[in-house]
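Mapping to numbering that gives the first Met the number 0: the sequence shown position 66 is 65, numbers consecutive.
We put the beta carbon where it would ideally sit given N, CA and C, even for glycine.
In this text, all values refer to a predicted model and were calculated from it rather than measured experimentally.
Heads up: the structure comes next, in structure tokens.
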Amino acid sequence: MTTVPVSPAVALAARRTPVTLRGLADADVAADVVDVGSGRPTVFLHGLVGLNDHWEEVGQRIVHRCRCVMLQLPLLNLRGEDCSIDGATALTVRFLEQHVRERAVLVGNSFGGHVALRIALERPDLLSGLVLAGASGLIEKTMVSDIQTRPSREWLVRKIGELFYDKSKMNPADVDRAHAELSDRAHARAMVRLSRTARRNHLGEEIHRIACPTLIMWGRQDVVTPPEAAEELRAKIRRSKLVWFDQCGHAPMIEAAEPFADAMNVFLDDLGAAA
């Protein structure tokens with residue numbers, strides 16, 4: 000995979016490169032990757048209904064400091080053993096081993112944050128740092144507890160709206176995409192399975208073992224992974240710092256992109272100084 004030079008006129012997430020991964024199910028999984036810039040690899044992992052696009056503004060603000068890598072797994076298309084928190088973790092590890100090939104900063108939101116925590120625990124040799132935003136793995140109010148077989152657009156507007164403090168930040172295109180995807184029963188079943196396996200994989204007794212520098216960034220109005228989760232992470236991860244965003248929900252990289260990126264730039268600078 001070739002790293003692409005950056006041109007600010009072109010959206011980072013538009014520079015997709017397809018990669019094929021094989022995970023626990025031993026089946027080909029087609030993922031979309033953005034790989035731009037140079038320097039320390041910083042790998043972004045999205046949530047259950049996330050896309051690489053959701054990291055766009057943050058990526059534009061940090062790409063001058065690092066190699067910015069966005070991994071978009073086709074979560075709702077995963078089947079068998081791949082369709083689980085274990086499966087998503089294994090696919091991400093495979094990506095880091097085969098395509099990043101050096102220690103990286105993992106940046107994870109929601110389900111992606113859970114994957115990042117798992118990798119920090121299971122494969123610390125792959126990490127130089129960890130950034131967590133609304134990460135699951137401790138306390139989570141699942142989005143899919145009352146998922147319908149064929150969810151209506153109105154239901155999705157309500158559920159996706161719960162991710163945001165400022166509802167104007169919700170992109171109607173995300174609702175349309177989710178509606179189209181979850182109208183497929185196989186996709187809806189995959190969503191439920193991924194969510195259930197994540198909720199059953201509680202990491203509270205393990206996260207004290209995480210040793211890498213960790214930046215925790217959280218919306219004070221996050222109702223999906225509430226503030227207590229951030230406080231528990233801060234208390235149990237020794238080399239961690241907690242940054243709060245007021246008037247912000249479960250997606251701080253969207254609702255608070257500028258201060259999110261500012262905090263990341265400081266974190267990356269500190270990692271460089273400590274190297």
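Cβ neighbour criterion (16 or more within 10 Å) applied to residue i
i	result
threonine 19	exposed
serine 6	A caution first: serine 6 carries a pLDDT of 47, below 50, which makes its placement in the model too unreliable to give a value.
glutamate 257	exposed
histidine 207	exposed
glycine 22	buried
alanine 273	exposed
glycine 295	Since the displayed the chain opens at 0 and closes at 274, residue 295 lies outside it and no answer follows.
glycine 49	buried
histidine 249	buried
proline 171	exposed
lysine 158	buried
Coarse secondary structure for residue i, derived from DSSP in three states
i	result
leucine 70	strand
proline 251	helix
threonine 196	helix
phenylalanine 43	strand
Counterpart residues of residue i in DSSP-defined beta bridges
i	result
leucine 202	Its beta-bridge partners do not exist; DSSP assigns none.
leucine 281	The first residue shown for the chain is 0 and the last is 274, placing residue 281 beyond what the model contains.
tryptophan 243	Trp217
asparagine 108	Ala132
Whole-number beta carbon distance between residue j and residue i, since they are thought to touch under 8 Å
i	j	result
leucine 105	valine 62	Not really, about 17 Å apart at Cβ, beyond 8 Å.
glycine 86	leucine 95	About 15 Å; that fails the 8 Å criterion.
leucine 70	phenylalanine 43	7 Å
alanine 132	tryptophan 243	About 12 Å; that fails the 8 Å criterion.
glycine 128	cysteine 211	6 Å
Is there contact here, the region 110 to 124 with the region 171 to 190, by at least three beta-carbon pairs under 8 Å?
no
Counting Cβ pairs closer than 8 Å, one from the region 251 to 266 and one from the region 224 to 232, do we hit at least three?
no
Specify whether the region 234 to 248 and the region 196 to 216 touch according to this definition: at least 3 beta carbon pairs, one from each stretch, less than 8 Å apart.
yes
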